[in-house]
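Enquirer: The sequence shown lines up with residues 0 to 615 when you count with numbering that gives the first Met the number 0. Yeah, the Cβ is synthetic: ideal placement off N, Cα and C, and Gly gets one too. Since this is a predicted model, take the numbers as computed values, not measurements.
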Amino acid sequence: MCGIVGYIGFRSGVAECLRGLERLEYRGYDSSGVAAIDTQGALAVRRAVGGVANLSQSLEEAGVVGKTAIGHTRWATHGEPSEQNAHPHVDCTGRFAVVHNGIIENHAALRAELKLKGHKFRSDTDTEVIAHLVEETFEDAGTLLGAVQQVVERLRGTFGFAVVYSEGEDKEIVTTRSGSPLVIGLGDDEVFLASDVVAVMERTRRVLFLEDGDVAVLRPDGVTFYDQAGAQVERDVTEIDWSAEAAERGGFEHFMRKEIGDQPGTVERIGSGRILFDHKGRRRVELSELDALLEGGTVPSRIAAAACGTSYHASLVAKWYLERLAKIPTDVFIASEFRYEEPLLGQTDAFLSISQSGETADTLASLALARETKLASLAICNVIGSRLTREADATFLTQAGPEVGVASTKAFTSQVIASLLVALDLGLRRGSVSHDEADAILAGLERLPTDIERVLDDEAHIEAVARRHANARAFLFLGRGVQVPVALEGALKLKEISYTPAEGGAAGEIKHGPIALIDPEVSTIFLATPSPTHRKLMANMSAIAARKGPVIAIATPGTRGLDTLAQDVIHVPHVRYELQPLVNTVVLQLLGYHVARTLGREIDKPRNLAKSVTVE
Ligand code: G6P
0 MCGIVGYIGF RSGVAECLRG LERLEYRGYD SSGVAAIDTQ GALAVRRAVG GVANLSQSLE
60 EAGVVGKTAI GHTRWATHGE PSEQNAHPHV DCTGRFAVVH NGIIENHAAL RAELKLKGHK
120 FRSDTDTEVI AHLVEETFED AGTLLGAVQQ VVERLRGTFG FAVVYSEGED KEIVTTRSGS
180 PLVIGLGDDE VFLASDVVAV MERTRRVLFL EDGDVAVLRP DGVTFYDQAG AQVERDVTEI
240 DWSAEAAERG GFEHFMRKEI GDQPGTVERI GSGRILFDHK GRRRVELSEL DALLEGGTVP
300 SRIAAAACGT SYHASLVAKW YLERLAKIPT DVFIASEFRY EEPLLGQTDA FLSISQSGET
360 ADTLASLALA RETKLASLAI CNVIGSRLTR EADATFLTQA GPEVGVASTK AFTSQVIASL
420 LVALDLGLRR GSVSHDEADA ILAGLERLPT DIERVLDDEA HIEAVARRHA NARAFLFLGR
480 GVQVPVALEG ALKLKEISYT PAEGGAAGEI KHGPIALIDP EVSTIFLATP SPTHRKLMAN
540 MSAIAARKGP VIAIATPGTR GLDTLAQDVI HVPHVRYELQ PLVNTVVLQL LGYHVARTLG
600 REIDKPRNLA KSVTVE
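(1) Looking only at its own chain, which residues have a Cβ that is under 7 Å from the Cβ of D450, when we skip the five neighbours before and after it?
(2) Around the Cβ of K170, are there at least 16 other Cβ atoms within 10 angstroms (buried) or fewer (exposed)?
(3) Return helix, strand or coil for N539, following the three-state DSSP convention.
(4) Return the first residue and the last residue of the beta strand (DSSP E) that D330 is part of.
(5) Would the beta-carbon of E79 fall within 9 Å of that of D139?
(6) Under the three-state reduction of DSSP, which class applies to I302: helix, strand or coil?
(7) Fully enclosed by the stretch 406 to 460, which alpha helix (DSSP H) runs are 4 residues long or longer?
(8) Locate the alpha helix (DSSP H) running through D361, then write down its first and last residues.
(9) Closer than 7 Å by C-beta to E238: which residues in its own chain qualify, once you throw out the five before and the five after it? Chain order, please.
(10) Considering L387, what are the terminal residues of the alpha helix (DSSP H) in which it resides?
(11) Going by the C-beta, is G357 closer than 8 Å to any heavy atom of the ligand G6P?
(12) Provide the residue span of the beta strand (DSSP E) that contains N381, from first to last.
(13) May I have a chain-ordered list of the beta strand (DSSP E) segments no shorter than 3 residues that lie completely inside the stretch 475 to 560?
(14) On the three-state DSSP scale, how would you describe T174?
(15) Roughly how many whole angstroms lie between the Cα atoms of R596 and S497?
(16) Less than 9 Å between the beta carbons of E258 and E402, yes or no?
(17) Just to check, is the beta-carbon of G503 closer than 8 Å to a non-hydrogen atom of the ligand G6P?
(18) Just list the beta strand (DSSP E) runs in the stretch 253 to 295, keeping only unbroken ones of 3 residues or longer that don't cross its boundaries, in chain order.
(19) With a threshold of 8 Å, establish whether the CB of S122 neighbours any heavy atom of the ligand G6P.
(20) Please indicate yes or no: does the CB of L564 lie closer than 8 Å to some heavy atom of the ligand G6P?
(21) Is there at least one non-hydrogen atom of the ligand G6P closer than 8 Å to the beta-carbon of T309?
(22) With a threshold of 6 Å on Cβ separation, who are the neighbours of P263 within its own chain once the five nearest residues in sequence on each side are excluded?
(23) Rounded to whole angstroms, how far is the Cβ of A506 from the Cβ of L536, which I believe are closer than 8 Å?
(24) Is it buried or exposed for T38, if we count other Cβ within 10 angstroms and need 16 for buried?
(25) Measure the C-alpha to C-alpha separation of W74 and L561 and round it to an integer number of angstroms.
(26) Any idea if K114 is buried or exposed, counting beta-carbon neighbours within 10 angstroms, 16 or more meaning buried?
(27) Taking C-alpha atoms, which residue in L396, L564 and S177 lies nearest to S271?
(28) E452 CB to nearest chain C CB: under 9 Å?
(29) Give the list of continuous beta strand (DSSP E) stretches no shorter than 3 residues that lie fully inside the stretch 36 to 97.
(30) Skipping 5 residues on each side, what residues in its chain have a beta carbon closer than 6 Å to that of A198?
(31) If we call anything under 9 Å between Cβ atoms a contact, is P180 one with R386?
(32) Once the 5 residues before and after G229 are set aside, which same chain residues still bring their CB inside 7 Å of it?
(33) Going by other Cβ atoms of all chains shown within 10 Å of its Cβ, with 16 needed for buried, is D438 buried or exposed?
(34) Could you check what DSSP says for Y339 in three-state terms: helix, strand or coil?
(35) In whole angstroms, what is the alpha-carbon distance linking G141 and E135?
(36) Quick one: which unbroken beta strand (DSSP E) runs of 3-plus residues sit fully inside the stretch 551 to 615? Chain order, please.
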């Protein structure tokens with residue numbers, strides 16, 4: 000969504016902000032801007048519609064310099080994308096500049112009040128009220144810190160914002176958050192600010208996360224934190240172990256393709272250190288991450304999970320694992336629904352929250368609801384220090400490294416493996432999984448990086464299939480059993496990056512509606528790897544083929560009957576049934592990617608989408 004950056008130190012703040020903004024471009028944006036304070040203490044602001052390159056040109060033309068600067072990429076919520084509505088926003092006197100993420104819910108009332116006091120508004124944004132409120136409170140408060148502390152009291156909604164002041168004796172950036180993520184990076188005599196760690200990790204690995212209600216004052220020599228009550232507090236420094244290269248495209252045309260290729264490594268990493276051996280040499284898992292969830296050693300009697308997008312699909316696979324292996328009834332909800340319903344939650348239930356970013360507004364609100372009901376909670380999350388990881392009782396970090404492409408790929412497979420490990424651990428504790436079965440599944444997991452490599456090696460064939468079907472009017476993705484969420488995820492991947500309508504679901508359900516879509520211009524992808532319901536699935540495939548619908552089958556070599564039913568077959572290595580979602584997903588990622596590439600889409604930044612949706 001929107002991105003915030005800031006810099007204070009000895010380098011060019013303008014250049015640092017531009018560098019950070021480029022890193023955040025993937026989050027989705029329509030305009031951007033920078034405010035800098037020069038050595039004379041004057042504030043200069045430049046904003047531009049379109050990419051950061053346009054902003055860079057405008058700053059250069061105007062000769063804007065300054066070692067203290069804040070910047071922003073905007074994804075319009077209030078007011079159309081335009082230069083006027085781009086951030087930073089400035090007060091009437093031109094002394095204060097503000098960049099903001101999130102939504103100020105009471106902005107209309109505040110705007111009316113400020114207008115009555117004579118303030119002149121230049122944009123349609125909710126953000127501008129912050130600049131005028133800072134101006135209004137500054138004289139009384141005496142410091143920028145004091146002004147921001149007073150302003151925060153007036154705001155309702157979710158926000159993270161940063162302010163600079165042009166006439167301050169001490170150069171400083173004051174920043175605060177309530178719901179929207181912000182991270183501060185510490186250098187030597189320089190401090191960085193960003194809404195996503197990806198924007199600072201090229202410069203420093205030592206970061207501090209703002210907690211909700213915190214106000215922080217950034218100066219070149221360090222940061223001072225104040226909590227909601229105004230008391231000075233210490234926040235812990237976190238060392239980020241992601242490599243800077245992890246956030247680079249590394250020679251690939253798109254981040255998405257690079258991240259698909261990362262999966263043999265991410266899959267290996269998630270198991271390492273977590274797979275142990277018992278005295279008989281059998282593999283087992285015992286996740287220390289679950290200790291906080293299983294206080295007193297009691298395994299929950301039911302699990303409720305709520306998530307969004309790809310993480311929702313991972314939660315559906317998690318349900319299958321938890322019910323099959325750990326025999327724990329599991330209900331999965333769409334987080335934007337769960338938070339406003341009255342879910343029936345029991346005291347012995349546990350709550351599962353899966354999120355790549357750990358900052359998705361609906362997912363966080365669902366966790367808050369579960370916590371109100373006093374449920375123990377587990378987060379499966381990719382971002383250390385994110386709000387989800389701080390609010391859940393227990394966290395399983397998926398360690399997939401930064402995911403930049405808007406379409407989630409490696410984060411999904413890591414989430415699925417994390418859920419498998421959780422289910423195996425709970426199953427072993429409850430005795431619903433035998434040690435031999437756990438050993439066999441974990442041995443399969445150890446071989447999985449090689450299996451995924453084999454899928455990647457087949458990319459040329461997958462690309463050729465994608466090209467043949469790229470002009471389809473629509474796609475259907477079908478599976479049965481554990482492949483149903485994989486089909487849903489395959490359809491989501493394809494539609495979000497190619498803009499071609501795609502539907503996913505249970506193959507047995509097609510006769511109740513979706514089969515009406517079938518004609519020679521609608522391609523159907525069948526997840527036809529071995530399963531207890533394979534014959535049923537083949538019957539579903541016959542029904543599509545009989546109606547002249549082109550079929551792409553994903554199957555293991557030697558699967559019978561495909562030559563007459565499927566126009567194209569993509570072979571995958573034979574893996575255990577529990578692990579098939581992982582191998583098949585990689586095929587669907589590549590298929591979606593190459594359909595979108597053939598159609599010439601902007602794969603890493605699909606229209607209307609954002610990587611992290613921190614507002615409702
Ligand atoms: C956005 C992203 C999706 C992601 C979803 C949930 O819509 O574009 O890729 O699956 O948010 O995000 P989370 O960070 O909670 O997994």
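Expert: In short:
(1) P572, V574 and V582
(2) buried
(3) helix
(4) T329 to I333
(5) no
(6) strand
(7) 409 to 429 and 434 to 456
(8) A360 to E371
(9) R204 and R205
(10) R386 to E390
(11) yes
(12) Element bounds for N381: n/a, residue is neither H nor E.
(13) 501 to 505, 521 to 526 and 550 to 554
(14) strand
(15) 8 Å
(16) yes
(17) no
(18) 274 to 276 and 282 to 284
(19) no
(20) no
(21) yes
(22) P448, I451 and E452
(23) 5 Å
(24) exposed
(25) 46 Å
(26) exposed
(27) L396
(28) The question asks about chain C, but that chain is absent: this structure has only one protein chain.
(29) 42 to 48 and 67 to 73
(30) V4, G19, R22 and L23
(31) yes
(32) Q148
(33) buried
(34) coil
(35) 11 Å
(36) 567 to 570
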